[in-house]
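Using the working numbering, read the sequence shown as starting at -1 and increasing by one per residue. Note that CB positions come from ideal geometry on N, CA and C, so glycine has one too.
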Amino acid sequence: MRVRVRAAVAALVLATLLAALGSTAMAFELRAGDRVVFYGDSITDQRLYTTFVETYVVTRFPRMRITFTHSGWGGDRVTGGGGGPVDLRLARDVLAYRPTMLTIMLGMNDAAYRAFDQGVFDTYARGLEHIVERAKAALPGVRITLIEPSPFDDVTRRPTWDPGYNAVLRRYGEFVADLARRDGLLLADLNTPVVAMLEKADAADHELAQKLIPDRVHPGPGGQLIMAEALLKAWNAPALVSSVTIDAESRQSASVGARVTGLEVDDRVAWTQLDEALPMPINMQDPAVALAVRSSDFVQALNQQPLRVTGLRASRYTLRIDDEAVGTFDREELDKGINLAVRATPMARQAAAVHALTLRHNDLHFTRWRALQVPNQAAPSAAMRRALEAIDAWEADLVRQQRAAAQPVPHRYVLTPGG
């Protein structure tokens, strides 16, 4: 009997480790103490892919202290735009925050919404090289992630000319990739995976797919979620939230990224579980977001929270977490494993509250920057500086609330026969 139990425990540990395999093969690029600045045009200015990335990092690594500043400006090109010439933009909106990780995505406006033009492209190439050189000179040791331009939607609407504007953006993206290789920079392709998602979504639901990038330029939340996925993948983001395996027959458990205590097995199976992270919150009530998720590998790549329970006797079980019904499952489903990250759980609700605080602090920073700092920069005063410092303190308090809200708490799991 003791030999069988030891074998069962070994099998549990192996199965649980295999569930995590691939998520920890390479270290996540961001580090404790990093200061991340997102620089770009209106697509960054939407504060969607950037806030998705921030919430992922805060919920997946709740004990790491990393700051995020969102510095996109609508209409920007490599030469600057409505926020001023590029060197002013860099000094005020990037260098002032002393980033240790800087992401740069420009190109949508630079290509001028027309067929490829060598002179226009040369301006872009020289301008992007200048931004990289300026950042590296002013911030020794800064890590830079160059981002290939996100797509112009030539999938759900036919191009008005051949081969279409996104083909031009892809040529710009090739230069971005070459520059990253030449200068030893990180690279994220936000074009290819979004186009692939659009093609699948268009085949599944043409009308709804057109809402993913409503104006063909600015992705909505569904499209930007896939953009966030691409950037996180470039940073080796792990798929795993936690993995727990319980053998009801041997009354043993194994876990990765979680701690299981108080395991009880009779007619029901109950235990207390404390995860080390939270799942990524996704608003699947938004039809376009749901379509984007179904048309991509987002869940598989970034949102895995498997629970596996073996050795059960009844044919069906209802799972409750903190006395909230999560779902009813066949014994075979539980034996194979279910992904809690895609279900309505107390952990998902907690993660959604974290994302709400992500949005609040970013909205506050945007107001401070665009409504107060920039319009008054020509004639700064002591009163203005005090006002900005007060808003910065307010934002810092919201960030503290965000980090506190991201700390996992223990939950009581109960599997009851029936349902």
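Problem set entry | Integer-rounded CB distance, given that residue 154 should sit under 8 Å from residue 120 | The pair is not a contact, with the Cβ atoms about 32 Å apart (cut-off 8 Å).
Exercise. Touching or not, the segment 51 to 62 and the segment 226 to 241, by the rule of three or more beta carbon pairs under 8 Å?
Worked result: Result yes; three or more Cβ-Cβ pairs closer than 8 Å.
For this session: Find the nearest neighbour of residue 223 within the set 42, 38, 25, judged by alpha-carbon distance.
Result: Cα-wise, what sits closest to residue 223 is 42.
For this session: Take the Cβ of residue 463 as the centre, count every other Cβ of all protein chains shown within 10 Å, and call the residue buried at 16 or more, exposed below.
Result: Outside the displayed range of the chain (-1 to 417) lies residue 463, so it cannot be described from this structure.
Exercise. When you compare only the Cα positions, how much space is there between residue 133 and residue 140?
Worked result: Taking the straight line from one Cα to the other gives about 8 Å.
Problem set entry | Element boundaries [alpha helix (DSSP H), containing residue 393] | Taken as a continuous stretch (DSSP letters only), the alpha helix (DSSP H) holding residue 393 covers 380 to 403.
Exercise. What's the C-alpha gap between residue 67 and residue 318?
Worked result: Computed Cα separation, rounded: 39 Å.
Exercise. In whole angstroms, what separates the C-alpha of residue 395 from that of residue 321?
Worked result: Using only the alpha carbons, I get a separation of about 32 Å.
Exercise. Which whole-angstrom value is the C-beta distance of residue 338 and residue 403, which I expect to be below 8 Å?
Worked result: Not quite, the Cβ-Cβ distance comes to about 19 Å (not below 8 Å), so this is no contact.
Problem set entry | Whole runs of the alpha helix (DSSP H) within the segment 298 to 336, excluding any shorter than 4 residues | Counting only runs of at least 4 residues, the segment 298 to 336 fully encloses the following alpha helix (DSSP H) elements, listed from N- to C-terminal order: 329 to 334.
Problem set entry | Buried versus exposed call for residue 172 [16 or more other C-beta atoms within 10 Å across all chains shown] | Residue 172 should be labelled exposed.
Exercise. Do residue 277 and residue 346 have their CB atoms nearer than 7 Å?
Worked result: Yes, these two residues count as a Cβ contact at 7 Å.
Exercise. Residue 99 by DSSP, collapsed to three states: which one?
Worked result: Strand, per DSSP.
Exercise. Between residue 91 and the rest of its own chain, which residues show a CB-CB distance below 6 Å, the 5 nearest in sequence each way excluded?
Worked result: A distance below 6 Å between beta-carbons, with the five flanking residues on each side excluded, links residue 91 to the following residues of its chain, in chain order: 69.
For this session: Kindly list the residues whose CB is nearer than 7 Å to the CB of residue 136, restricted to its own chain and excluding five residues on each side of it in sequence; keep chain order.
Result: Cβ within range, chain order: 93.
For this session: Just list the beta strand (DSSP E) runs in the segment 33 to 114, keeping only unbroken ones of 3 residues or longer that don't cross its boundaries, in chain order.
Result: Qualifying beta strand (DSSP E) stretches, in chain order: 33 to 38, 65 to 70, 99 to 103.
Problem set entry | residue 306 versus residue 330 - alpha carbon distance | So the two alpha carbons sit approximately 10 Å from each other.
For this session: Specify, as a first and last residue, the run of the alpha helix (DSSP H) that residue 176 falls within.
Result: For residue 176, the enclosing alpha helix (DSSP H) starts and ends at 163 to 181.
Exercise. What's the call for residue 298, buried or exposed, on a 16-neighbour Cβ count within 10 Å?
Worked result: Result: exposed.
Problem set entry | Run of the alpha helix (DSSP H) containing residue 218, from where it starts to where it stops | Counting along the chain, residue 218 falls outside any alpha helix (DSSP H), and DSSP gives it neither H nor E.
Problem set entry | Member of 413, 104, 333, 369 whose CA lies at the smallest distance from the CA of residue 128 | Looking at the Cα atoms, 104 is the closest of the given residues.
Problem set entry | For residue 212, the three-state DSSP class (helix, strand or coil) | In this structure, residue 212 counts as coil in the three-state DSSP scheme.
Exercise. My guess is that residue 145 and residue 272 are in contact by the Cβ rule of under 8 Å, so how many angstroms apart are they, rounded?
Worked result: Contact between residue 145 and residue 272 does not hold, since the beta-carbon distance rounds to 36 Å and is not under 8 Å.
Exercise. Near residue 2, what residues of its chain come up, given a Cβ to Cβ distance below 6 Å and the 5 sequence neighbours on each side ignored?
Worked result: Unreliable positioning characterises residue 2 in this predicted model, as indicated by a pLDDT of 49, which lies under 50. The coordinate reading is nonetheless provided below. Result list for residue 2: empty, nothing under 6 Å.
For this session: Run through the segment 218 to 297 for me and flag every whole alpha helix (DSSP H) of 4 or more residues, listed as ranges in chain order.
Result: Taking only runs of at least 4 residues, the alpha helix (DSSP H) segments lying wholly in the segment 218 to 297 are 219 to 232, 285 to 292.
Exercise. Which of helix, strand or coil does DSSP assign to residue 156?
Worked result: Looking at residue 156 - three-state DSSP - the assignment turns out to be coil, as it is neither helix nor strand.
For this session: Starting from the C-beta of residue 22, find all residues in its chain whose C-beta is less than 8 Å away, skip the five residues before and the five after it, and write them out in chain order.
Result: At residue 22 the pLDDT is 48, less than 50, meaning the model places this residue with poor confidence and gives no usable figure here.
Problem set entry | Cα-Cα separation between residue 115 and residue 366, rounded to whole angstroms | Roughly 38 Å between the two C-alpha positions.
Problem set entry | Supposed contact pair residue 81 and residue 372 - C-beta distance, whole angstroms, cut 8 Å | With 8 Å as the limit, residue 372 and residue 81 qualify as a contact, their Cβ atoms being about 7 Å apart.
Exercise. Among 227, 174, 83, which one has its Cα closest to the Cα of residue 106?
Worked result: Per the Cα distances, 174.
Exercise. If you drop the 5 nearest sequence neighbours on each side, which residues of the same chain put their C-beta closer than 7 Å to that of residue 274?
Worked result: Around residue 274: 240, 255, 256, 406.
Problem set entry | Short Cβ contact (7 Å threshold) for residue 37 with residue 142 | No; because the gap between Cβ atoms is not below 7 Å, this pair is not in contact.
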